[in-house]
Amino acid sequence: MTVQQLHEKIEQQRQPEHDFIAWTEPGHSSDQVELLDYFLCHRLEKIDKIETFTLMTLEDLWQRLQSLQGDKLSRHWRKKVEVMDWQVTEANGRERVRSCSYRPEGVLAVYEEILARQTP
């Protein structure tokens with residue numbers, strides 16, 4: 140679909156809880172995930188065509204994270220703020236816990252880092 144068609148479909152389908160878009164360009168097998176507002180303002184103008192797209196909520200992205208590393212992820216409330224903990228194994232084999240707020244930006248950053256660590 141063209142960029143114009145994509146923009147129209149997003150406007151038709153978008154709900155307030157949609158923080159992300161997962162999209163695939165023609166010829167690519169894996170999708171990319173970005174913050175929806177960032178995608179609309181900065182990425183969309185640089186793309187010729189889109190094969191598929193899915194609007195996603197924060198919970199949808201959390202489910203993707205769970206499927207990748209569910210046993211190493213957890214969510215907790217600390218001082219009235221929901222946070223996400225990720226148990227990371229460093230290159231030297233040492234384990235440590237990284238925490239970030241359970242917000243779209245933080246969850247996406249962890250998702251991208253997990254994908255980067257899985258890519259050889």
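Residue 259 is where the sequence shown ends in this note's numbering, and the numbering goes up by one at each step.
Don't be surprised by glycine CBs; every beta carbon is placed ideally from N, CA and C.
Computed from a prediction, not measured in an experiment: that's the story for all the values here.
Beta strand (DSSP E) segment containing residue i, residue limits
| i | result |
| --- | --- |
| GLN226 | 220-228 |
| SER238 | 234-240 |
| ILE160 | 157-163 |
| LEU183 | Neither: LEU183 is in no beta strand (DSSP E) and is coded neither H nor E. |
Same chain, Cβ closer than 6 Å to residue i, five either side skipped, listed in chain order
| i | result |
| --- | --- |
| ASP210 | none |
C-alpha distance - residue i paired with residue j, whole-angstrom precision
| i | j | result |
| --- | --- | --- |
| PRO165 | THR193 | 15 Å |
| HIS167 | LYS218 | 43 Å |
| ILE149 | ILE186 | 15 Å |
| VAL172 | GLU234 | 27 Å |
| LEU247 | GLY232 | 25 Å |
| TRP201 | HIS157 | 13 Å |
Sequence-distant residues of its chain with Cβ nearer than 8 Å to residue i (five each side left out)
| i | result |
| --- | --- |
| GLU244 | LEU174 |
| ASP224 | LEU212, SER213, ARG214, HIS215, VAL236, ARG237, SER238 |
| SER240 | VAL220, GLU221, VAL222, MET223 |
Selected residue, minimal CA-CA separation from residue i, among the options
| i | options | result |
| --- | --- | --- |
| GLU251 | LEU179, VAL222, LEU204 | LEU204 |
| THR196 | SER240, THR141, GLN154 | GLN154 |
| GLN226 | THR163, LEU207, ARG242, THR258 | LEU207 |
| GLN144 | GLN257, GLU156, GLU190 | GLU190 |
| ILE160 | PHE178, GLU198, SER169 | PHE178 |
| THR141 | GLN257, ASP170, TRP162 | TRP162 |
| GLY221 | GLU156, GLY232, ARG242, THR228 | Contrary to the premise, residue 221 reads as Glu rather than Gly in this sequence. Nearest of GLU156, GLY232, ARG242, THR228 to GLU221, Cα basis: ARG242. |
| CYS180 | ASP170, VAL249, HIS146, GLU229 | HIS146 |
Host alpha helix (DSSP H) of residue i (start-end)
| i | result |
| --- | --- |
| GLN152 | 142-152 |
| GLU173 | Note, GLU173: premise wrong, no alpha helix (DSSP H); beta strand (DSSP E) at 171-174. |
| LEU197 | 197-208 |
| LEU254 | 243-257 |
Test: residue i CB closer than 8 Å to a CB of chain B
| i | result |
| --- | --- |
| SER168 | The question asks about chain B, but that chain is absent: this structure has only one protein chain. |
Per DSSP, cross-strand counterpart(s) of residue i
| i | result |
| --- | --- |
| LYS211 | Partner(s): none; LYS211 has no beta bridge. |
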